[in-house]
Amino acid sequence: MKRLKIGGVPEHFNLPWRLAIEEGKFKAAGIELHWSDMTGGTGQMIKGLQAGTLDIAVLLTEGITRAILKGLDAKIIAVYVKTPLIWGVHAPVNQGINQLNDLDASTFAISREGSGSHLMTYILAKQQGWDPTALSFNVVGDVYGGLWALNNDEAQGFLWEKYTTQPFVDQGKCKRIGEVLTPWPCFVIAVRNEVLQHEAALLQAILPIVQKRAQELKNSDDAAEVLAWRYALKKDEVTAWLSKTEWSDQLDVDQNDIQNVVETLHELNLVTDEEQTNWSEKVL
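Numbering (our numbering), first residue to last: 43 to 326.
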């Protein structure tokens with residue numbers, strides 16, 4: 043039995059992994075997959091891959107691509123969720139910030155440097171025509187740190203996945219003033235190069251298992267009910283999310299998708315000319 047350590051956010055996207063582990067599907071294939079919830083998101087997982095505390099990570103495409111271009115010894119081996127992520131743009135309830143333009147040149151809470159909440163703020167700035175150099179950031183660790191920052195005048199804006207933050211919006215802990223979508227498939231599976239070198243066959247066995255379990259979940263009659271119960275979400279919101287979400291059933295990565303990420307990161311000065319060179323050999 044081979045043991046591998048995998049990390050991902052404790053959110054609804056990753057239920058197929060949890061179900062497949064609970065149901066013994068990986069063990070049946072000779073793999074002991076140990077899952078760790080990464081509340082700090084992509085930035086935390088990048089640190090885990092860097093330190094060797096994670097072998098595999100399910101993380102945001104833009105975050106892992108930038109980390110690899112900046113020297114992280116890892117590769118993207120598959121797309122996990124092929125549809126965009128819907129990021130909610132959140133603001134304090136009582137500060138008179140009511141539209142996206144009110145956040146121009148503001149301070150944004152981010153989980154970590156290089157995280158999705160960090161990089162997608164630049165995408166938002168690009169879409170809104172803001173000067174990205176006028177933005178400032180407050181590193182807060184996770185979604186709860188982001189809420190704290192909004193409510194304690196430590197940040198005016200905070201980006202996080204829309205459905206995960208919906209309960210906090212409903213409770214009046216923040217307000218959502220807009221949305222921004224990733225211009226590429228949102229989640230990919232990345233592996234440390236050392237693991238990829240020694241366990242390539244094992245990794246290729248893992249992918250069909252989780253993809254099959256994701257399709258079974260997507261097509262099940264009680265998917266919305268199960269997801270709502272597991273993640274404390276409203277069933278109608280989960281139904282809406284499921285209608286917009288497609289897990290990948292492919293074992294390869296479309297280079298055009300990653301090229302779009304790389305070119306966008308370069309355009310935003312988030313990777314250098316040198317880092318961009320030979321990007322496909324580094325990333326895939």
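Built from N, CA and C at the ideal position, the CB exists for glycine as well.
Here the structure is a predicted model, which means the values were calculated and not measured.
Under the three-state reduction of DSSP, residue 251 is assigned to helix. With at least 16 other beta carbons inside 10 angstroms of its own, residue 77 counts as buried. With contacts defined by Cβ atoms closer than 8 Å, residue 324 and residue 110 form a contacting pair. When DSSP states are grouped into helix, strand and coil, residue 300 belongs to the helix group. Scanning its chain for C-beta atoms nearer than 6 Å, with the 5 sequence neighbours on each side dropped, one finds around residue 273 the residues 54, in chain order.
Here the alpha carbons of residue 172 and residue 80 stand approximately 31 Å from one another.
In terms of Cβ geometry, residue 285 and residue 122 do not form a close pair [threshold 8 Å]. Residue environment for residue 86: buried (at least 16 other C-beta atoms within 10 angstroms of its C-beta).
Excluding five sequence positions before and after residue 158, the CB atoms of its chain that fall closer than 7 Å to its own CB belong to 83, 84, 102, 104, 105, given in chain order. Its Cα nearest to that of residue 200, the residue 145 stands out among 248, 63, 266, 145. Annotation for residue 217: 133, 135 place their beta carbon closer than 6 Å to its own, counting only its chain and skipping 5 residues before and after. In the DSSP assignment, residue 235 falls outside any beta strand (DSSP E) and within the unbroken alpha helix (DSSP H) covering 235-240.
A contact is defined here as three or more CB-CB pairs under 8 Å, and the region 53-68 meets this definition with respect to the region 247-261. Taken through DSSP and simplified to helix, strand or coil, residue 79 comes out as strand. Bounds of any alpha helix (DSSP H) do not take in residue 290, whose DSSP letter is neither H nor E. Burial is judged here by how many other beta carbons sit within 10 angstroms of a residue's own beta carbon; residue 43 has fewer than 16 and is exposed.
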